[in-house]
Amino acid sequence: MLGLYELLHFLKARHIKMAVATSSFPKIIQAVFDKLKLWGYFILQCSADDEQFGKPHPAVYLKTIQKLGISSKECLVIEDSVVSLIAAKAANLRTFIVNTHYQNAQFAIADARLPTRLDVIKKLEDD
Numbered sequence: 609m610l611g612l613y614e615l616l617h618f619l620k621a622r623h624i625k626m627a628v629a630t631s632s633f634p635k636i637i638q639a640v641f642d643k644l645k646l647w648g649y650f651i652l653q654c655s656a657d658d659e660q661f662g663k664p665h666p667a668v669y670l671k672t673i674q675k676l677g678i679s680s681k682e683c684l685v686i687e688d689s690v691v692s693l694i695a696a697k698a699a700n701l702r703t704f705i706v707n708t709h710y711q712n713a714q715f716a717i718a719d720a721r722l723p724t725r726l727d728v729i730k731k732l733e734d735d
């Protein structure tokens, strides 16, 4: 979880709308949010469990940006898995991969590949 709260504070301070688009069941989302105290950061949680198709289908991302009232061009997805990367790119979304194996070829379609969430902050500051 290195850099999680720093990244969340960075985004919140800039009034960036944050949402979760996950394959997890709603009860899992609630448990994780409770344990990590995430409720004050994310204005929306969308589960692929509510969609006809799960990831790598892009449905959960498309529903999330629709509910946020933003366009795909205004969205940045920060992910850590290949399946989620494929789903986000299928939705035509800018996607950063944060994974200790970020240099693996399987992540080549990401817009940025970074080892930690702290590197996401640096990348966003540089952009």
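Numbered by my numbering, the letters in the sequence shown go through residues 609 to 735 in order. Glycine is no exception: its CB is placed at the ideal position from the N, C-alpha and C atoms.
(request) Determine the direct distance from the alpha carbon of A629 to that of F715, and round the result to whole angstroms. (result) 19 angstroms
(request) Reducing DSSP to helix, strand and coil, say where T724 ends up. (result) coil
(request) Go through its chain and collect everything with a Cβ distance to D657's Cβ below 7 angstroms, but skip five positions before and after it. (result) F633, P634
(message) Using 8 angstroms for Cβ pairs, my map puts I705 next to L693. What's the rounded Cβ distance?
(response) 6 angstroms
(message) Just to confirm, is the Cβ distance from A695 to P666 under 8 angstroms?
(response) yes
(request) Determine the DSSP secondary structure at S632, reduced to helix, strand or coil. (result) coil
(request) Please report how far the alpha carbon of D734 lies from the alpha carbon of D727, in whole angstroms. (result) 10 angstroms
(request) Indicate the three-state DSSP secondary structure (helix, strand or coil) for L610 in the structure shown. (result) coil
(message) Quick check: what's the CA-CA separation for R725 versus I717?
(response) 19 angstroms
(request) Determine the burial state of R721: buried for a count of at least 16 other Cβ atoms within 10 Å of its Cβ, exposed for fewer. (result) buried
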